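Enquirer:
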Amino acid sequence: MVNNFCGFTTVKEMWDYLRRIYYQDNSVRKFQLELDIGNYRLGNLSIEQFYSNFLNLWSDYSGLMHSKVPKEALATIQAVHSESQRDQFLMKFHPILKVHVLG
């Protein structure tokens, strides 16, 4: 491995090389997490279990999303994702709330 770095003169060139060699496209994982979040339902879970599991899914998803964001824009993207997370969570209760409110 060390021999692979001999031709590089800067650390940036080394990191760029490593990124090219070991880059993983997370498109499939991102798609699966979006699908899991979209299909996630309360079912027989308690609110605490549901919320905890939802946060785990969302954490995995946002980790993938935030990894590609430039440092300067990260706070803005995190704020937008925070709102989206809240909305996604509340949407899961829409059918339940509709039945109780209109019921």
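Here the sequence shown is numbered in my numbering, starting from 72 and rising by one per residue. For every residue, glycine included, the Cβ atom is placed at its ideal position computed from N, Cα and C. Predicted model, so just to flag it, every value in this text is computed and none were measured.
1) In whole angstroms, what is the alpha-carbon distance linking N110 and F164?
2) With DSSP run on the structure shown, which of helix, strand or coil describes D131?
3) Is the CB-CB distance between L126 and R100 below 9 Å?
4) How far does the alpha helix (DSSP H) with F164 in it reach, from first residue to last?
Expert: With the given structure in hand:
1) Sequence index remark: in the sequence shown, residue 110 carries index 39 (1-based). Sequence index remark: in the sequence shown, residue 164 carries index 93 (1-based). Computed Cα separation, rounded: 12 Å.
2) Translated into positions along the sequence shown, residue 131 becomes position 60. In the structure shown, D131 sits in a helix (DSSP, three-state: H, G or I).
3) Taking the sequence shown and counting its residues from 1, the one referred to as residue 126 is at position 55. Taking the sequence shown and counting its residues from 1, the one referred to as residue 100 is at position 29. Taking 9 Å as the Cβ cut-off, L126 and R100 do not qualify as a contacting pair.
4) As a position in the sequence shown, residue 164 is number 93, starting the count at 1. F164 -> no alpha helix (DSSP H), and no H or E assigned at all.
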